[in-house]
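So the structure is just underneath, and the comments pick up after that.
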Amino acid sequence: MAHKSLSSLNWVSRFLDETPGDGLAGGGPRQVPGACWSRVKPEPMPNPVLRMWSEEMASELGLEVAEEGLLSGNRIATGMDPYAQRYGGHQFGTWAGQLGDGRAITLGEVDTGEKILELQLKGSGKTPYSRFADGRAVLRSSIREFLCSEAMHHLGVPTTRALSLVTTGEDVVRDIMYDGSPAPEPGAIVCRVAESFIRFGSFQIHTISGDNQTLRILVDNTVKQHFPGHSTDTDEGLIEWLKEVADRTTLTIAHWMRVGFVHGVMNTDNMSIHGLTIDYGPYGWLEDFDPDWTPNTTDAGSKRYKFGQQAQVGAWNYARLLDSIAPLMEDPEGLYQALDSYYDAYQAHSSRMWVEKLGLGEFRSGDEVLVTELESMLQMSETDMTIFFRLLSAIEEPNVNGLRFAFYDEEAPVDEWNAWLDKWWIRVGGSPDRKAMMGANPKYVLRNWMAQLAIDAAEKEDYSVASELYEMLKRPYDDQPDCDEKWFNKRPEWARNRVGCSMLSCSS
Ligand code: AMP
Ligand code: MG
């Protein structure tokens with residue numbers, strides 16, 4: 002029997018069939034008023050080579066073979082009907098107008114029998130939304146997206162997924178630090194997968210252009226396809242749906258805070274309506290616990306998207322989503338209920354996360370003080386977040402000696418630490434819920450320098466580091482002793498100020 006290939010999947014095109022699109026297929030960069038999408042073909046690449054492949058994603062889709070030609074967009078299988086989505090967005094707090102998929106092309110939606118998933122190529126050429134850019138993606142950012150989105154999935158964080166990474170055989174020119182030194186880099190394409198890639202900005206673009214008719218169709222269709230059980234017929238229905246979006250968004254952000262992930266570019270066009278982590282760009286992982294840290298050099302001045310501000314920025318973005326739904330409401334005042342629900346939902350998710358991280362069993366009054374004190378202690382001595390919580394999960398007595406390995410600074414204040422540990426120990430009655438802690442405090446995360454080592458090797462056509470990390474990150478909560486010396490470790494000194502490790506730009 003033939004192996005199941007992309008061509009033999011059950012392709013559907015709900016989004017194209019049910020929402021208004023561009024009358025023109027393809028074509029150069031332009032405004033496309035009134036449309037949710039434009040049909041467009043991926044550009045052929047000279048020499049596609051498959052480099053990474055997610056067996057699990059493939060089996061979820063019912064796929065048995067990886068076809069480079071299709072995963073690079075060189076060929077289109079029967080049933081695929083490729084398009085780029087149109088959306089807008091607030092970038093760094095300012096309305097940026099029409100953005101859209103400038104280098105992402107959806108191949109189509111696959112009905113697996115259990116669910117419908119959208120497959121999208123990132124880096125496969127220009128679309129009407131490419132504006133001034135080339136529609137390509139470079140290998141380093143593609144490796145970062147492939148590894149991190151799969152790692153996030155295994156950490157239990159809602160995310161878009163990755164199916165494959167293909168190098169294109171084509172050089173792409175990038176000026177990594179925007180300092181006037183452009184250089185060629187290998188190009189690549191990631192095939193990513195999600196229920197949909199609809200973003201807050203997908204709705205905003207219609208409202209801001211005064212196109213309530215298209216807005217209405219997109220809202221009705223999104224809810225019908227992706228939020229079963231919800232209705233958009235009344236204000237109450239819309240509010241309930243929006244509360245669900247708040248719940249999912251805050252859940253994901255609470256997870257980011259749990260694992261030490263900084264998205265880096267929380268523009269409204271990078272906010273999934275499903276609450277998925279989406280658009281892996283200059284993201285980063287906390288090494289030392291620093292709420293003011295952002296990996297994104299473009300944001301170094303105002304640090305809008307720093308670790309400690311992600312929930313607040315999420316609220317600001319969510320308020321923009323609410324603005325965009327207002328024209329559909331008889332009484333837009335009702336949207337305040339949804340906004341309130343954002344804060345309540347975040348509190349609930351965040352408290353639960355802390356209960357698990359600290360093995361508290363349940364949230365009691367006074368616990369917030371324990372958490373706040375811990376957060377300031379973690380900043381007082383330069384402390385590795387991941388190592389700290391992992392060691393805390395196994396500590397046998399409330400003594401800082403068991404945590405030493407987490408400190409960059411050997412001189413961590415012993416008395417202060419022991420005082421906090423005593424308080425925590427009393428709170429948990431000398432027996433923290435270790436199972437909860439081990440399941441909430443990962444041992445292995447994709448630290449920036451780890452991804453950089455995988456990239457350095459891959460740029461020399463050696464994918465062994467990327468594969469090694471990929472395998473390890475599929476089991477982030479399990480002790481994997483063979484990995485510890487290399488990967489359960491604090492940031493090496495070489496990585497402290499290296500581009501790609503502590504500093505990342507949007508250039509990708
Ligand atoms: P991002 O910062 O990756 O979320 O991208 C913001 C916008 O720029 C989106 O509309 C992207 O599709 C677009 N974009 C980013 N990089 C490129 C590129 N190389 N070519 C075309 N469009 C791009
Ligand atoms: Mg984006």
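Reading the sequence shown from the start, the letters are residues 2 to 509 in the working numbering. We put the beta carbon where it would ideally sit given N, CA and C, even for glycine.
- With contacts defined as CB atoms closer than 9 Å, residue 436 and residue 480 fail to qualify as a contacting pair.
- Assigned with DSSP and collapsed to three states, residue 443 falls in coil, not helix or strand.
- Here the alpha carbons of residue 508 and residue 182 stand approximately 12 Å from one another.
- For residue 195, the beta-bridge partners assigned by DSSP are 119.
- Linking residue 431 to residue 383 through their CA atoms gives a straight-line distance of about 26 Å.
- Comparing alpha-carbon positions, the option among 147, 156, 20 and 282 lying closest to residue 165 turns out to be 147.
- The beta carbon of residue 74 sits closer than 6 Å to those of 43, 122 and 125, all from its chain and outside the five residues before and after it, given in chain order.
- For the 9 Å CB-CB criterion, residue 371 and residue 425 form a contact.
- Between the alpha carbons of residue 141 and residue 328 lies a gap of roughly 42 Å.
- Excluding its 5 nearest sequence neighbours in each direction, residue 27 has C-beta neighbours in its own chain below 6 Å: 41, listed in chain order.
- In the three-state scheme derived from DSSP, where H, G and I count as helix and E and B as strand, residue 380 is classed as helix.
- Between the region 168-188 and the region 55-71, the count of Cβ pairs shorter than 8 Å is below three; the stretches do not touch.
- A contact between stretches requires three or more CB pairs, one per stretch, nearer than 8 Å, and the region 473-487 fails this requirement with the region 270-281.
- Below 8 Å, too few C-beta pairs join the region 219-233 and the region 279-289 to call them touching: fewer than three.
- Residue 194 is positioned such that its CB atom lies closer than 9 Å to that of residue 62.
- DSSP places residue 438 in the helix class (H, G or I) of the three-state scheme.
- Distance between residue 438 and residue 353, taken at the CA atoms: about 12 Å.
- In summary, residue 456 is buried, with 16 or more beta-carbon neighbours lying within 10 Å of its beta-carbon over all protein chains present.
- Secondary structure note for residue 99: its beta strand (DSSP E) is the uninterrupted segment 95-99.
- One alpha carbon belongs to residue 95, the other to residue 295, and they sit about 19 Å apart.
- Its Cα nearest to that of residue 56, the residue 475 stands out among 489, 486 and 475.
- Annotated three-state conformation of residue 256 is helix, per DSSP.
- Per the C-alpha coordinates, the member of 108, 22, 118 and 100 positioned closest to residue 60 is 118.
- Contact annotation: the region 314-324 touches the region 195-214, with at least three C-beta pairs closer than 8 Å.
- Positions of the alpha helix (DSSP H) runs, each at least 4 residues long and wholly inside the region 151-231, are given as 201-209 and 213-227 in order along the chain.
- Taking 9 Å as the cut-off, the beta carbon of residue 256 is found closer than this to the beta carbon of residue 156.
- Taking the C-beta atoms as reference points, residue 100 is found nearer than 9 Å to residue 130.
- The DSSP-derived three-state label of residue 25 is coil.
- In its chain, beyond the 5 residues on either side, no residue has a beta carbon closer than 6 Å to the beta carbon of residue 375.
- Beta-bridge analysis with DSSP links residue 109 to 120.
- Setting aside the 5 residues that flank it on each side, residue 450 is surrounded in the same chain by 492, 493, 496 and 502, each with a C-beta closer than 7 Å to its C-beta; the list follows chain order.
- Separation of the CB atoms of residue 54 and residue 36 is rounded to 34 Å, and the pair is thereby denied contact status at 8 Å.
- Residue 427 counts as exposed, since fewer than 16 other C-beta atoms from the protein chains shown sit within 10 angstroms of its C-beta.
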